[in-house]
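Enquirer:
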Amino acid sequence: MVHDGNRRWDNLQKRVASILRRLKHFIGQREEFETARDSILVWLTEMDLQLTNIEHFSECDVQAKIKQLRAFQQEISLNTGQIELVFRQGEALIEKSEPLDGAVLEEELEELQRYWQEVFGRVDRYYKKLTRLPVSNHAHTNAHTHSPSPSLQLADDELDCSDRDLDMDESADLSDLQWGDSSLPCPSSLPTSGSVLPPQADRSGRDTPASMDSIPLEWDHDYDLSRGLESAGGRGLGSERGRGQEQEEEYLRSAAAV
């Protein structure tokens with residue numbers, strides 16, 4: 001019985017040692033995978049920061065930026081093999097691990113894949129944007145070339161100004177009409193300016209109701225009012241002097257009679 005116990009103990013130790021070796025091997029593979037994955041993440045993070053600096057904060061010219069982006073592309077080409085190795089290691093660990101551990105490894109691989117696709121895509125898009133920049137500038141220059149010339153715009157402005165001057169001259173001719181004719185009634189009996197119509201004999205067919213309303217019509221207030229005031233004032237003063245003389249004569253006649 002003692003020999004049987006010793007044999008079983010030895011077998012147990014061998015089994016435990018084998019399990020420990022397997023565990024250490026798997027742990028070593030997992031640690032190697034994590035180390036490689038972390039190094040790639042650090043490298044991608046540094047490239048992402050440098051790309052952001054070049055794209056938004058760098059004061060270098062376009063050629064210098066293109067040169068830096070080409071250096072990034074060379075680094076990507078050199079590290080592509082390492083990235084593929086990390087993915088192969090992760091897939092091997094997923095097959096050998098428990099379902100829960102396999103789900104965690106699969107999530108880590110998906111995160112790494114999304115990140116490197118994002119960074120590599122940014123490098124490629126910005127590189128293409130910089131290489132197409134001279135073409136866009138040329139197109140922009142052509143767009144300015146095909147724009148209307150200042151001389152044509154100046155000619156259009158002069159035509160508009162000449163039309164406006166013609167309308168103003170016609171309005172000024174109407175405003176010079178004198179309303180001081182003796183045959184006309186006094187200003188108080190005249191209708192309002194909205195109902196006054198100028199003579200139509202000398203006007204062309206261009207007049208419309210809107211243009212007729214906009215014509216400034218004025219009549220000579222000083223002339224008409226002064227005539228009315230002088231005539232009315234003369235009649236008033238003459239009647240007052242006549243009444244004063246009559247009263248004075250009556251007073252003298254009454255005094256003589258006494």
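For the sequence shown, position 134 (counting from the first letter as 1) is numbered 134 according to UniProt numbering, and the numbering increases by one without interruption. Glycine is no exception: its CB is placed at the ideal position from the N, C-alpha and C atoms.
With distances taken from CA atoms, which of Ile27, Gln247, Leu44 and Gln74 is nearest Ile94?
Expert: Taking the sequence shown and counting its residues from 1, one reaches residue 94 at position 94. Among Ile27, Gln247, Leu44 and Gln74, the Cα nearest to that of Ile94 belongs to Ile27.
Enquirer: Measuring only the C-alpha atoms, how far is Leu20 from Phe87?
Expert: Reading the sequence shown from its first residue, position 20 is the one you call residue 20. Reading the sequence shown from its first residue, position 87 is the one you call residue 87. So the alpha carbons of these two residues sit roughly 26 Å apart.
Enquirer: If you draw a straight line from the C-alpha of Lys129 to the C-alpha of Trp43, how long is it?
Expert: One-based indexing of the sequence shown puts residue 129 at position 129. One-based indexing of the sequence shown puts residue 43 at position 43. Near 23 Å, if we compare the C-alpha coordinates of Trp43 and Lys129.
Enquirer: Hey, quick one: how far does the alpha helix (DSSP H) through Phe33 stretch, first residue to last?
Expert: Mapped onto the sequence shown, residue 33 falls at position 33. Element bounds for Phe33: Val2 to Thr52.
Enquirer: Would you give the residue range spanned by the alpha helix (DSSP H) that Asp101 belongs to?
Expert: Locating residue 101 in the sequence shown gives position 101, where the first residue counts as 1. Here the alpha helix (DSSP H) through Asp101 covers Pro99 to Thr131.
Enquirer: What span of residues does the alpha helix (DSSP H) with Phe57 cover, start to end?
Expert: The residue you call residue 57 lines up with position 57 of the sequence shown. No alpha helix (DSSP H) contains Phe57, which DSSP labels as neither H nor E.
Enquirer: For Phe72, does the count of other Cβ atoms within 10 angstroms reach 16, so buried, or fall short, so exposed?
Expert: The sequence position of residue 72 within the sequence shown is 72, counting from 1. Phe72 comes out buried.
Enquirer: Val123: which of Leu78, Gln29 and Asp48 sits nearest, CA to CA?
Expert: Residue 123 sits at position 123 when you count from the first residue of the sequence shown. Val123 has its Cα closest to that of Asp48, out of Leu78, Gln29 and Asp48.
Enquirer: Compute the Euclidean distance between the alpha carbons of Asp202 and Gln247, then round it to the nearest angstrom.
Expert: Along the sequence shown, one-based indexing puts residue 202 at 202. Along the sequence shown, one-based indexing puts residue 247 at 247. Interpretation of Asp202 is limited by its pLDDT of 44, a score under 50 that renders its predicted location unreliable; the figure taken from the coordinates is listed afterwards. Cα-Cα distance, rounded: 60 Å.
Enquirer: Measuring alpha carbon to alpha carbon, tell me which of Ala92, Leu133 and Glu110 ends up nearest His25.
Expert: Here residue 25 corresponds to residue number 25 of the sequence shown, with the count starting at 1. Taking only the C-alpha atoms, the option nearest His25 is Ala92.
Enquirer: State yes or no: is the C-beta of Gln89 within less than 8 Å of the C-beta of Glu31?
Expert: What you label residue 89 is simply residue 89 of the sequence shown in a count that begins at 1. What you label residue 31 is simply residue 31 of the sequence shown in a count that begins at 1. Going by C-beta atoms, Gln89 is not nearer than 8 Å to Glu31.
Enquirer: Do you know offhand how far Glu34's Cα is from Gln117's?
Expert: Residue mapping note: residue 34 aligns to position 34 of the sequence shown, counting from 1. Residue mapping note: residue 117 aligns to position 117 of the sequence shown, counting from 1. Taking the straight line from one Cα to the other gives about 19 Å.
Enquirer: Kindly give me the distance between the Cβ atoms of Tyr126 and Leu69, rounded to whole angstroms, as I take these residues to be in contact under 8 Å.
Expert: For the purposes of this step, residue 126 is taken as residue 126 along the sequence shown, with counting starting at 1. For the purposes of this step, residue 69 is taken as residue 69 along the sequence shown, with counting starting at 1. That pair is a contact at about 6 Å.
Enquirer: For Ser147, I'd like the list of residues in its chain whose CB is within less than 7 Å of its CB, leaving aside the five on either flank, ordered along the chain.
Expert: Taking the first residue of the sequence shown as position 1, residue 147 is located at position 147. Summary for Ser147: the model assigns pLDDT 45, below 50, so the residue's position carries little reliability; its value from the coordinates is reported in the next sentence. If we look at Ser147 and ignore the five residues flanking it on each side, it has no Cβ neighbours.
Enquirer: Quick one: grab the DSSP three-state call for Leu152.
Expert: Position 152 of the sequence shown, counting from 1, holds the residue named residue 152. Bear in mind that a pLDDT of 37 at Leu152, under 50, signals an unreliable position, so the model cannot answer this.
Enquirer: Under 8 Å Cβ to Cβ from Phe120, same chain only, skipping five residues before and after it: list those, please.
Expert: Looking up residue 120 in the sequence shown gives position 120. Taken in chain order, the residues that qualify are Ile76.
Enquirer: Check whether the Cβ atoms of Ile83 and Thr131 sit closer than 8 Å, and answer yes or no.
Expert: The count along the sequence shown starts at 1 and reaches residue 83 at position 83. The count along the sequence shown starts at 1 and reaches residue 131 at position 131. Taking 8 Å as the Cβ cut-off, Ile83 and Thr131 do not qualify as a contacting pair.
Enquirer: With a threshold of 16 other CB atoms inside 10 Å of the CB of Arg37, please say whether the residue is buried or exposed.
Expert: Looking up residue 37 in the sequence shown gives position 37. The residue in question, Arg37, is buried, as its Cβ has 16 or more Cβ neighbours within 10 Å.
Enquirer: Would you tell me roughly how many angstroms separate the C-alpha atoms of Thr52 and Leu85, rounded to the nearest one?
Expert: In the sequence shown, residue 52 corresponds to position 52, counting from 1. In the sequence shown, residue 85 corresponds to position 85, counting from 1. Distance between the alpha carbons of Thr52 and Leu85 is about 28 Å.
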